[in-house]
Amino acid sequence: MVDRNFSVIENEWITLKDGTRLAARIWMPEGTEQSPVPAVLEYLPYRKRDGTCARDESTYPAFAAAGIAGVRVDIRGSGESEGVIDGEYTPRELSDGCEIIEWIAAQPWSNGKVGMMGISWGGFNCLQVAALKPAALKAVISIASTVDRYNDDIHYKNGCHLSAQLSWAATMLAYQSRSPDPELVGEGWREMWLQRLENEPFFLEEWLEHQRRDDFWRHGSICEDFESFQIPALVIAGWADGYRNTPVKAVEGLGGRAKALIGPWVHKYPHFAWPKPRADFLGEAIRWWNRWLRDEMNDAEQVPQMRAYILDGPRPSVRRNEDPGRWIAKDIWRTPELRAFTISNDGSLAAQPAPGRGVGDVYLRSPLDTGTAAGEYFTLKPDAEMPGDQRIDDAGSLTFDTHPLLEAEDYLGQPVLDLELSCASDTANLVARIVDVHPDGTATRVAFGVLNLAHRSGNAKPVPMEKNKKTHVSLVLDACGYRFRAGHRIRLSLSTSYWPIILPSPTDPGLAIDTTSISLSLPLLGEHREIVVPQPANPDPLPHYIEHSPAETRRTVERDMTKCLTHYRVYENTGLVEHPGTGNATQDIRDETWTIAPDDPNSMTGVSTWTCVARRGQQSLKTVSTSRLGCTETEWITSAQVEAFEGEEKIFEKSFEKRIRRDFM
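First residue of the sequence shown? That's 1 in full-length UniProt numbering, and the numbers climb one at a time after it.
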């Protein structure tokens with residue numbers, strides 16, 4: 001295939017030292033015989049042929065047209081790559097990544113300099129591979145990623161168990177169960193598929209074996225040793241995504257080696273993300289690669305260390321297509337100055353010095369279904385996946401409001417909450433939200449933080465609470481960039497539940513909170529300058545494929561008043577969509593339900609069923625996988641089942657079952 005001044009190699013086999021072949025799709029600039037070019041690697045388990053093809057086809061042609069080869073590789077055991085995946089960011093995965101970089105640098109079309117980039121999984125492993133220092137890797141661009149696998153991914157957060165852990169384990173079980181494309185693999189495709197089905201792990205089992213921040217999570221967390229990371233990194237995230245902390249932590253840890261860009265976006269590349277405004281990611285990236293992969297003396301090094309979009313009072317809505325705000329820059333990122341708020345004797349939140357200090361001890365035990373307006377932990381669409389009107393969750397929370405602000409206040413960074421509390425059990429969950437209360441009462445979530453109180457002194461060695469003894473707790477909330485407008489109020493909302501984002505503690509004892517001890521510190525925006533971040537030239541960069549059936553999304557909350565149960569259901573159907581170049585039509589359906597009784601923490605269950613279909617001509621392949629999580633006071637109960645079909649015939653079935661001890665969680 002030739003288009004303008006580059007060609008596309010649909011499938012190139014990269015043979016590793018152990019003989020395993022990994023599948024790559026390569027966008028190759030013309031003229032490499034006379035002038036070798038740099039290359040950019042993206043290395044994922046999400047299937048280049050039918051999983052990420054749309055976004056790949058919005059990105060790599062632009063790189064190739066600029067004289068930069070794009071190499072998109074399926075991780076071992078995914079897509080068309082041979083073998084079986086062995087987990088998430090494993091030593092073997094990262095070692096394979098280093099081998100791929102070595103292979104790229106040795107190709108006759110390569111100038112020997114390689115960049116690595118990606119979003120989410122690819123954003124993670126490009127940071128992790130860079131920390132291993134492969135000689136040819138010269139720069140990375142990491143989007144929606146983390147420097148701390150324990151606290152800023154989909155598993156745990158300050159010792160709280162994220163429901164996204166089951167959701168993502170179910171997703172990966174579904175993704176890894178899909179067949180390789182017979183057109184690319186050839187006659188051995190069925191044998192490869194059956195090997196994958198028989199040997200793939202159910203990731204949740206391994207993740208639940210590590211409920212503390214142990215060596216399993218320290219592996220791949222570059223915050224363990226920022227000094228080992230020596231190459232330039234452009235780190236990008238969105239305020240609407242769960243990975244919003246990473247740019248701040250990267251510039252604090254890597255210093256001048258890192259540049260940060262934070263927009264209003266969900267978990268998507270910035271040139272097609274929502275809410276708008278978008279950013280010209282392709283221009284940003286090409287400038288970055290030209291500087292570090294072909295030594296072009298452009299202005300990439302002069303980019304401010306922090307560029308951030310300061311949200312200006314967005315309102316929750318059915319769909320947030322564009323958020324109000326402005327772009328600011330800080331040439332050097334420094335720890336923000338903090339503005340402290342305490343509770344005054346009239347119960348309001350007030351900047352220090354406040355009149356009086358609180359109203360004494362208040363007992364708080366939120367209904368266990370408090371949190372249904374939280375949205376997803378990481379978001380893919382700007383609809384109900386984003387947090388809704390917070391008045392729903394504030395009904396089950398302890399709230400403190402400022403008086404209406406006399407002038408606008410701007411903040412950028414991570415808020416910190418300090419307070420003293422006690423509980424009657426070994427542990428409980430504490431949740432803090434900062435909310436923008438509009439003049440009409442509408443409540444927009446600005447930031448949130450969660451803490452398993454047994455992890456109050458660290459996540460490596462949980463320490464049970466001393467029962468009914470007042471204890472000081474400090475909670476660092478997720479980063480935010482926000483303007484509270486004049487006439488709005490700042491609200492601090494405290495709860496002991498945030499379901500289904502976090503799962504309840506085993507006993508749900510409630511908390512006695514000393515309101516006189518509450519101190520909320522908000523990070524002031526401080527010295528900055530306003531800038532323009534260029535928008536992408538193409539407002540609709542994703543290719544359009546053939547739609548055989550439409551997509552559908554539903555997200556509902558049902559309260560069964562007779563059985564005293566709350567059900568939170570997510571239904572996502574991609575529709576059946578055919579790639580016009582390959583004739584391959586795919587459809588993925590996720591049907592996930594979380595259930596809880598508002599007064600029984602051990603009634604919690606989660607069930608996620610995925611149906612994945614691939615069709616070409618008369619051939620139809622399908623997998624159905626169901627993942628479950630339940631609990632008792634002492635154990636997590638997990639199970640999963642995978643079925644595979646060729647046409648109407650079931651050709652494979654496998655089950656997983658395991659009970660795992662709860663570890664102060």
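Glycine included, every Cβ here is placed at the ideal spot set by N, Cα and C.
- For the options W121, K654, E10 and I143, the alpha carbon positioned closest to that of L44 is the one of W121.
- Under the DSSP assignment, F124 falls in the alpha helix (DSSP H) whose first and last residues are W121 to A131.
- Annotation: D478 to I651 spans about 46 Å, alpha carbon to alpha carbon.
- The three-state reading of DSSP puts Y363 in strand, counting E and B together.
- Counting only runs of at least 3 residues, the segment 458-541 fully encloses the following beta strand (DSSP E) elements, listed from N- to C-terminal order: 471-476, 480-484, 489-495 and 511-523.
- For the set V557, H438, N468 and V476, the Cα lying nearest the Cα of L451 is the one of V476.
- Counting only residues of its own chain and dropping the five nearest sequence neighbours on each side, D663 has a CB closer than 8 Å to the CB of Q211, R212 and P462.
- Straight-line spacing of the CA atoms in F63 and I286 works out to 7 Å.
- For V73, the closest C-alpha among the options S81, A66 and G67 is that of S81.
- Annotation for E10: R25 place their beta carbon closer than 7 Å to its own, counting only its chain and skipping 5 residues before and after.
- In the structure shown, R291 adopts helical secondary structure according to DSSP, grouped into three states.
- Under the DSSP assignment, W610 falls in the beta strand (DSSP E) whose first and last residues are D600 to R616.
- Across the set E643, T496 and V532, the C-alpha of T496 shows the shortest separation from the C-alpha of P601.
- Separation of the CB atoms of F281 and P270 is rounded to 4 Å, and the pair is thereby assigned contact status at 8 Å.
- Note that the segment 226-236 touches the segment 139-148; at least 3 beta-carbon pairs, one per stretch, sit closer than 8 Å.
- In the three-state DSSP reduction, E99 falls in the helix class (H, G or I).
- The bridge partners DSSP lists for Y571 are R554 and D591.
- Annotation: P598 to W193 spans about 43 Å, alpha carbon to alpha carbon.
- C-alpha of V185 to C-alpha of Y156: approximately 38 Å in a straight line.
- Shortest Cα-Cα distance from Q195 to any of S179, L204 and N429 involves S179.
- Distances from the alpha-carbon of G188 to those of L254, D331 and G83 put G83 closest.
- Within its own chain, the residues whose Cβ lies closer than 6 Å to the Cβ of S625, once the five positions on either side in sequence are excluded, are L173, A174, S177, W610 and V642, listed in chain order.
- Under the DSSP assignment, Y411 falls outside any alpha helix (DSSP H), being part of the beta strand (DSSP E) whose first and last residues are E409 to G413.
- The straight-line gap separating the alpha-carbon atoms of F202 and G630 is approximately 16 Å.
- Just measuring C-alpha positions, the residue of T471, I14, G583 and Q107 sitting nearest D181 is G583.
- When C-beta atoms of the segment 553-568 are compared with those of the segment 529-540, fewer than three pairs fall below 8 Å, so the two segments do not count as touching.
- The continuous stretches of beta strand (DSSP E) do not include S58, which lies in the alpha helix (DSSP H) extending over residues C53 to A65.
- Membership of I434 in the beta strand (DSSP E) is indicated by the continuous run N429 to V437.
- Secondary structure note for G253: its alpha helix (DSSP H) is the uninterrupted segment T246 to L254.
- When the five nearest sequence neighbours on each side are left out, the beta carbons in the same chain lying within less than 6 Å of the beta carbon of D514 are those of D361 and E420, in order along the chain.
- Nearest Cα to D331 within the set E301, P314 and T342: E301.
- Between the beta-carbon of V147 and that of G253 there is about 6 Å, and that keeps the pair under the 8 Å contact cut.
- Apart from sequence neighbours up to five positions away, the residues of its chain that approach Q165 with a beta-carbon distance below 7 Å are I154, H155, L204 and W207, ordered along the chain.
- Using a 10 angstroms sphere on the CB of V318, the tally of other CB atoms stays under 16, which defines it as exposed.
- Annotated three-state conformation of E10 is strand, per DSSP.
- Nearest to V437 by C-alpha distance, out of M465, C480 and A486, is A486.
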